[in-house]
Amino acid sequence: MSPSVDRDLLQLLELMVSSGIAFISIWFFFIQSPSLFKRLGRQKFVPIMMHLTKLFFKVMVVLNATVSVLSIVRSRLVFHEPSTVAALFAMVSTLINMFIVVPRALAAGKRSFMDKDDNTTSVQDFAIDGASKSGTKFLHQTVVAFVLGMVGGQVIHLLLM
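Going by full-length UniProt numbering, the sequence shown opens with residue 1, and the numbers climb by one from there.
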C-alpha cells in the first residue's frame, strides 16, 4: 500500500475510535446511568455502577491511548499538532480520572453507601451529589468534570482532524 493509503487508514481508525469514545461516554453517563438509577433505585444501582465505572475507565484508558498513538503516528511524530494535543488532553484527563479521582470517589461512595440507607430515586440529586450529600459530592463532580474533559478533548480532536 502507498503511504497515502496507510495514512488514510490510520485516520479512519482514529476517527472511529475517537467517535466511539465520545459516544460510549455520553451513553454511559448520560443515558444508561440515569435509566438504570430510575429502574433499580439507589440501593441496587450504586454497587452495580461502581463495578461498571471501574470497567468503563479501564476501557477508556486503552481507547484514549489508541487514539493518542494513532494521532502521533499519523502526524509523523509531531506532538504539537492541534488534533494531537486535543487527543493527549483527553488521555491525560482519562488517566487522572482512572488513577487518582475514580479510586477516591469509589472508596468515598462505598463508605457513604454503607452509612446511608435511603432508596432515593432522584436522578438529579444522585448525578450532582453522588451517593450522599456529604463527602462524595466533590469527588463525584470531579469525576464528571474529567469525563467532560475527556469527551471535550475527543470532540475537539475530531473537529481538528
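Built from N, CA and C at the ideal position, the CB exists for glycine as well.
Please read all numbers here as calculations on a predicted model, not as lab measurements.
The segment 99-106 touching the segment 51-61, judged by at least three CB pairs closer than 8 Å
Yes, the segment 99-106 touches the segment 51-61.
Count the other CB atoms within 10 Å of the CB of S108; is the residue buried (16 or more) or exposed (fewer)?
Just to set this straight, residue 108 is Ala in the shown sequence, not Ser. So A108 ends up on the buried side.
Whole-angstrom C-beta distance between M150 and Q11, which should lie under 8 Å:
Not really, about 21 Å apart at Cβ, beyond 8 Å.
In terms of residues, what are the limits of the alpha helix (DSSP H) holding G152?
Here the alpha helix (DSSP H) through G152 covers 136-160.
Quick one, which of W27, G152, V5 has its alpha-carbon nearest M91's?
Nearest of W27, G152, V5 to M91, Cα basis: G152.
Would you mind reading off the limits of the alpha helix (DSSP H) that contains S75?
Judged by DSSP secondary structure, S75 falls outside any alpha helix (DSSP H); it is assigned neither H nor E.
Whole-angstrom distance between T136 and R111, CA atom to CA atom:
Each residue's alpha carbon lies about 9 Å from the other.
Measure the alpha-carbon distance for H80 versus R74 and round it to whole angstroms.
If you take the alpha carbons of H80 and R74, they lie about 13 Å apart.
Using the Cβ count rule (16 or more neighbours within 10 Å means buried), how would you classify A87?
A87 is classed as buried because its beta carbon has at least 16 other beta carbons within 10 Å across all chains shown.
Among S33, V17, V78, I72, which one has its Cα closest to the Cα of M60?
Per the Cα distances, V17.
Contained alpha helix (DSSP H) runs [length at least 4] in the UniProt domain "TMEM205-like" (25-108), N- to C-terminal order
The qualifying runs are 33-40, 42-74, 82-96.
Reduced DSSP category for S4 - H, G, I as helix; E, B as strand; rest coil
The answer is helix: DSSP assigns S4 an H, G or I state.
Throw me the rounded Cβ distance for the N64 and T84 pair, which I believe falls under 8 Å.
Contact between N64 and T84 fails: their C-beta atoms lie close to 13 Å from each other, not under 8 Å.
Using the beta-carbon count (16 or more within 10 Å), is I31 buried or exposed?
With fewer than 16 Cβ atoms within 10 Å of its Cβ, I31 is classed as exposed.
Distance, Cα to Cα, I72 vs V155?
Distance from the CA atom of I72 to the CA atom of V155, rounded to whole angstroms, is 17 Å.
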